[in-house]
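Numbering (the UniProt record's numbering), first residue to last: 1 to 279. Note that the Cβ used here is the ideal one computed from N, Cα and C, for glycine as well.
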Amino acid sequence: MPAAGPDLTGQVVGISIRPVAEGGMGNVYHGTWRDRTKTPSVLALKFFRGAHLPKKRQTVERRLAREAGVWASLRHSNILSFYGTITGIEPYPEARAMISPWLSNGHIMDYITQHPGVNRAMLVAQVARGMEYLHHKRVVHGDFRGHNILIDKDGNAVISDFGRANIIDDEDYSTQLIAKAAWTAPELLIYEGPVPISFATDIWALGITVIEIFIGKMPWDKLKPAQIIVATLSGKQPRHTDFPQVPPLHWKALAGCWDESPATRPTAIMMRERLARFS
Numbered sequence: 001m002p003a004a005g006p007d008l009t010g011q012v013v014g015i016s017i018r019p020v021a022e023g024g025m026g027n028v029y030h031g032t033w034r035d036r037t038k039t040p041s042v043l044a045l046k047f048f049r050g051a052h053l054p055k056k057r058q059t060v061e062r063r064l065a066r067e068a069g070v071w072a073s074l075r076h077s078n079i080l081s082f083y084g085t086i087t088g089i090e091p092y093p094e095a096r097a098m099i100s101p102w103l104s105n106g107h108i109m110d111y112i113t114q115h116p117g118v119n120r121a122m123l124v125a126q127v128a129r130g131m132e133y134l135h136h137k138r139v140v141h142g143d144f145r146g147h148n149i150l151i152d153k154d155g156n157a158v159i160s161d162f163g164r165a166n167i168i169d170d171e172d173y174s175t176q177l178i179a180k181a182a183w184t185a186p187e188l189l190i191y192e193g194p195v196p197i198s199f200a201t202d203i204w205a206l207g208i209t210v211i212e213i214f215i216g217k218m219p220w221d222k223l224k225p226a227q228i229i230v231a232t233l234s235g236k237q238p239r240h241t242d243f244p245q246v247p248p249l250h251w252k253a254l255a256g257c258w259d260e261s262p263a264t265r266p267t268a269i270m271m272r273e274r275l276a277r278f279s
């Protein structure tokens with residue numbers, strides 16, 4: 001496993017009292033560099049849920065080591081930067097947190113809601129570039145969707161949250177999959193044993209995420225997760241008539257993303273090339 005980045009203990013101050021963002025796997029707090037000359041001035045500190053519980057500490061440390069190990073190896077303009085880890089701070093003084101820049105624009109879905117005229121074709125092309133880089137580095141994201149794509153200060157898309165990138169033996173995974181059914185490939189819904197996340201399951205999720213960005217919300221948001229799962233397992237694929245906000249050429253570029261066979265789905269290189277033509 002790659003090294004989990006530098007230990008930055010003692011270099012971060014001004015930790016927020018309450019989390020500024022909450023997710024299924026953890027909470028994010030604000031902080032700032034002790035050295036005021038360092039940039040960016042505002043940092044994000046991510047603690048895994050349960051980090052303060054002694055009985056979960058070993059599991060949490062394993063998850064953090066895996067995510068940080070993957071994240072620390074990545075350097076790309078469309079991947080959220082990783083600075084290192086820190087311990088000895090409230091609210092969890094015995095737990096480690098991962099440190100990255102705080103991006104005040106938030107995730108891409110909030111951003112396009114606040115900026116409806118933004119160039120979405122450019123954003124989906126950037127997202128595809130980020131995925132191409134991940135796959136080139138032999139990294140499977142495993143939880144690809146709009147909520148895990150942030151927008152930097154210059155309005156560029158950056159992929160974040162690598163907690164599923166190589167955690168395929170997590171007892172919480174089935175619950176998480178149901179909650180994220182809209183982005184989930186059929187082979188993940190019928191697994192027995194280790195979850196078979198793969199480059200192909202990322203591509204399935206990328207196709208759904210492109211739809212999500214163009215329509216400005218989760219696809220099939222009126223359906224329950226169980227209904228989406230039934231539709232996916234019965235072989236139903238997204239139809240352009242259901243999502244007319246997606247430009248025709250972009251819809252054509254998504255061809256094959258939802259093939260039932262993982263082997264016949266396009267690669268990340270192919271998706272980057274297709275989507276770059278229209279950015």
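Own chain residues within Cβ distance below 7 angstroms of residue i, not counting five before or after
i: GLY14; result: GLY31, THR32
i: TRP220; result: ALA182, ILE228
i: PRO101; result: PRO40, LEU43, ALA44, SER81
i: TRP251; result: HIS240
Beta-carbon separation (whole angstroms), residue i vs residue j, contact threshold 8 angstroms
i: ASN183; j: ILE213; result: It should be pointed out that residue 183 corresponds to Trp in this sequence rather than to Asn. The Cβ separation is near 12 angstroms, so there is no contact.
i: residue 304; j: VAL12; result: In this structure the chain extends from 1 to 279, so residue 304 is not present and cannot be described.
i: ALA95; j: VAL70; result: That belief does not hold up - the Cβ atoms of ALA95 and VAL70 are roughly 19 angstroms apart, past 8 angstroms.
i: LEU74; j: ASP152; result: Contact flag wrong, Cβ pair sits at about 15 angstroms.
i: HIS52; j: TYR133; result: 34 angstroms between Cβ atoms; not a contact.
Own chain partners of residue i with C-beta closer than 8 angstroms, once the 5 adjacent residues on each side are dropped
i: PHE199; result: HIS135, VAL140, THR267, ALA268
i: SER41; result: THR32, TRP33
i: ALA263; result: ALA200
i: ASN148; result: HIS107, HIS141, ILE159, SER160, ASP161
Simplified DSSP state of residue i, which is helix, strand or coil
i: TYR29; result: strand
i: LEU275; result: helix
i: HIS141; result: coil
i: PRO54; result: helix
i: residue 289; result: For the chain, the structure presents residues 1 to 279; residue 289 sits outside this window and is missing.
i: PHE48; result: strand
i: GLU90; result: coil
i: LEU189; result: helix
i: PRO225; result: helix
i: PRO262; result: helix
i: ASP110; result: helix
i: ALA157; result: strand
i: LEU249; result: helix
i: GLY84; result: strand
i: MET131; result: helix
i: ALA95; result: coil
i: ALA121; result: helix
i: VAL230; result: helix
i: ALA21; result: strand
i: ILE197; result: coil
i: ILE79; result: strand
Cβ-Cβ distance between residue i and residue j below 8 angstroms
i: ALA128; j: ARG272; result: yes
i: GLY216; j: THR113; result: yes
i: LEU80; j: HIS107; result: no
i: GLY130; j: LEU8; result: no
i: ALA68; j: GLY5; result: yes
i: TRP258; j: PRO244; result: no
i: PHE278; j: LEU249; result: yes
i: ALA97; j: PHE82; result: no
i: ILE190; j: VAL246; result: no
i: LEU64; j: PHE144; result: no
Same chain, Cβ closer than 6 angstroms to residue i, five either side skipped, listed in chain order
i: ALA185; result: THR201, TRP204
i: ALA253; result: ARG274, LEU275
i: GLY23; result: none
i: MET109; result: GLY146
i: LYS224; result: none
Any chain C beta carbon closer than 8 angstroms to residue i
i: GLU260; result: As a matter of chain content, chain C is missing from the structure shown, which is built from one protein chain.
Meets three-Cβ-pair contact criterion under 8 angstroms: the region 82-95 and the region 34-51: These segments touch.
Contact between the region 114-131 and the region 154-162 (3+ Cβ pairs under 8 angstroms): Result yes; three or more Cβ-Cβ pairs closer than 8 angstroms.
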